[in-house]
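Chains as they are written, first to last, in my numbering: chain P, 914 to 1316; chain F, 914 to 1316. Cβ coordinates follow ideal geometry from the N, Cα and C atoms, glycine included. One structure is given below, encoded as structure tokens.
Dropping the structure here:
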């Protein structure tokens, strides 16, 4: 959904907005490939963040949650090691990572955020990180977005970037972003890493709710395997380099919120689409809910049911399992009012199966993206959530990869 | 765990207690194999039941829930068709099934309970059921338990029966049982069918809490895929044929409760062990919980995590995923107090990974049953829950079987 005030930049990413630089290097945290990414703005910025609710939150989460209130200059991200469940050592290492970046960039230590993803419970190889940070700082450039986007991947098969340009009176500004996903993706703080940058000038008090709202509509409505990781975070940072100032009043803030949400939507869709072993994206529209909480709970219950997920993998129009998962969602509804559609094929009405064309349904189920519409017929609330099937490959990946 | 007052009867089942008869016939609800089971006692009995919490509960659940308050004579069970999500037709068919059995057995219609398992959303072939009921009634016998146990299976690979003999002053009595499981097994009302019979005389007011307690300790602590089906129920029926009367006072009631629980434990373990595609049974002991609710929530969160399940399938000592699932359980605990053991190998202490012998852990993980102990170190509550791994075969079975 584009419109007249913004356009997508096909090659853009996290370093596209003015004043942003990025890099990504291989320093040996992983066995091979880039594993240390850096984002940097010389102009200090404001930040917003949304973080995992997992009680075993990595120290990266605790450090970054504190520091988003500061003027920020940089974001460090490593893959290959989650720095989680490491006791006091973990806190020491995350502070050290921020310190190393701050030293190379000559910025205050408190202006550096840190994120990690990878194996839980192993010590970070700090010598490698130290050498890598020097190289990452040296390689920073406005063209480095793709390197950073590659450096944060784990079992993802492709880098995930986005950039959007917005026209405002008096000039234009950009929103850029990158994300990683693949495993441990669940709607409750979308269990992944995503970093968004922009060159608008905006107060933290406006930026945080904009991100929170955007995440609720996007990252928090996707699921791959129903688990929150210990390390999830979505960060947005705004450095003001475009000269465009976003105030509370007027339509510019609404437009900014919309564009931020579109950028989050783009990244979250790519995360689902590139989920571990995914062969289908299930686009579930929940309609007629009495309130948003109910719609969300219902969407999660259905998209996290392994019986539903395996049925989609098998391309089976198995609406009974969707009803079964709905019946277990723990929300109140009238089973005798529920309608269900797979694509345009209505498979159940008023809680009861219809005789439908299995052939037509099969044609929908063969597609990469399968639209499913569930109408509770109780109220006006509606949302779209994305989930995935559960394939043999998912089992293979997760039976062998330690994360 | 046996002791001096009861013994297991290796060949026994649901028709072993005095006065009980059973049968199981093939009447074409499924493509092949027995699919209609019948239990019958000439002496009317008392009954207790525990039922699914799924809001799309099958009419069999509604009918049986009402009728357990009556004097009961019979239980009808079919496999191959769940009679769920069928609207008014479903209610009509379940009443008809009870009526057919009542007619052949010459008992009141209201004394017949009904259960179904199988595909959701298809009409029962009532002509087949009608012919099958006549044959099932004709074939009733005290040796028919095994036929009934076979008639209720879906993707199970083996019949599940149990029988225990209890010595009391003045004589002995029996508790028999049968169950089916395999898919859609989750701890919240263990998502399966189980039928227990006994020849004691016991008031319904004592029988219902005995079953509820037994189910809470057994069926409600097992999980295969985290979903409640629309049709689950556990039924116990007591006909008094042994002449032994169980009163509220005295140790006989406690012994009865223990034996009933042991019978439920035996059946529930077999359900997990025969779960779809299961290669490992995870025996999770949660210790040091502040209360039973917390212990249960924690056990479910861990045993239902697909990341945990696939790690066990891969025989990986992946304690980080167990912590991740624990951190998502939605209960309050102190991450820095948690200890974790795989078999006798301590893999984490005070929320932090230990360096442990991967070889020793691997030896435990290669076993069919893997004991895992999680200590929250908060209180005195403790429980044992059983879960399963998630294998390639699980995906194959559930990607093709419509239920």
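- DSSP, reduced to helix, strand and coil, places residue 1249(P) within a helical segment of the structure shown.
- Distance between residue 1191(P) and residue 1031(P), taken at the CA atoms: about 20 angstroms.
- With its beta carbon at least 8 angstroms from every one in chain P, residue 1192(F) lies outside the interface.
- With a beta-carbon spacing of about 6 angstroms, residue 1023(F) and residue 980(F) fall inside the 8 angstroms limit used to define contacts.
- Counting C-beta atoms within 10 angstroms of its own C-beta, residue 1067(P) has 16 or more neighbours from the protein chains shown and is therefore classed as buried.
- The count of Cβ pairs closer than 8 angstroms, one atom from the segment 957–974 of chain F and one from the segment 914–931 of chain F, stays below three, leaving the stretches out of contact.
- Burial is judged here by how many other beta carbons sit within 10 angstroms of a residue's own beta carbon; residue 1213(P) has at least 16 and is buried.
- The CB of residue 1248(F) comes closer than 7 angstroms to the CB of 968, 969 in chain P, given here in chain order.
- Per the DSSP secondary-structure output, residue 941(P) pairs with nothing in a beta bridge.
- Within the segment 992–1006 of chain F, 995, 997, 998, 999, 1000, 1001, 1002, 1003 place their CB atoms closer than 9 angstroms to a CB of chain P, listed in sequence order.
- Between residue 1183(P) and the set 984(P), 1299(P), 1014(P), the nearest pair of CA atoms involves 1299(P).
- Cβ proximity to chain P below 8 angstroms picks out nothing from the segment 1270–1289 of chain F.
- DSSP places residue 1021(F) in the coil class of the three-state scheme, outside both helix and strand.
- Counted as a single uninterrupted DSSP element, the alpha helix (DSSP H) harbouring residue 1207(F) occupies residues 1205–1216.
- A Cβ-Cβ separation of about 5 angstroms places residue 1151(F) in contact with residue 1111(F) under the 8 angstroms criterion.
- Between the alpha carbons of residue 972(F) and residue 994(F) lies a gap of roughly 12 angstroms.
- Going by C-alpha positions, residue 949(F) is about 11 angstroms away from residue 1044(F).
- Residues of chain F whose Cβ lies closer than 9 angstroms to the Cβ of residue 1033(P) are, in chain order, 1231, 1232, 1233, 1234, 1236, 1237, 1266.
- Only buried fits residue 988(F), as 16 or more other CB atoms lie within 10 angstroms of its CB.
- Taken atom to atom, the span from the alpha-carbon of residue 930(F) to that of residue 1157(F) is near 12 angstroms.
- When only Cα atoms are considered, residue 1224(P) and residue 1302(P) end up about 8 angstroms apart.
- When C-beta distances to chain P are compared with 8 angstroms, the residues of the segment 1027–1058 of chain F below that value are 1032, 1033, 1034, 1035, in chain order.
- Taking CB atoms only, residue 1219(P) has a neighbour in chain F less than 8 angstroms away.
- Looking at the DSSP output, residue 1092(P) sits in a beta bridge with 1073(P), 1107(P).
- Shown here, residue 991(P) sits in a strand according to DSSP, grouped into three states.
- Under the 10 Å beta carbon count, residue 1028(P) is surrounded by 16 or more other beta carbons and is classified as buried.
- For the 8 angstroms CB-CB criterion, residue 1279(F) and residue 1228(F) form a contact.
- For the pair residue 1041(P) and residue 942(P), the CB atoms are nearer than the 8 angstroms cut-off.
- Taking C-beta separations shorter than 7 angstroms and ignoring five residues to either side along the sequence, the partners of residue 1007(F) in its chain run 972, 973, 976, 996, 1027, following chain order.
- Membership of residue 1131(P) in any alpha helix (DSSP H) is not indicated, and neither H nor E is assigned to it by DSSP.
- Here residue 1260(P) has 1230, 1232, 1253, 1254, 1266, 1267, 1269, 1274 as same chain residues with Cβ atoms under 8 angstroms from its own Cβ, once five neighbours each way along the sequence are excluded.
- The three-state reading of DSSP puts residue 1147(P) in strand, counting E and B together.
- Within chain F, the residues placing a beta-carbon under 9 angstroms from that of residue 1226(P) are 1308, 1311, 1312, ordered along the chain.
- At the C-beta level, residue 1034(P) and residue 935(P) stay beyond 8 angstroms of one another.
- Taking a beta-carbon distance threshold of 8 angstroms, residue 1304(F) counts as an interface residue toward chain P.
- Look at residue 1241(P): its C-beta is under 8 angstroms from a C-beta on chain F.
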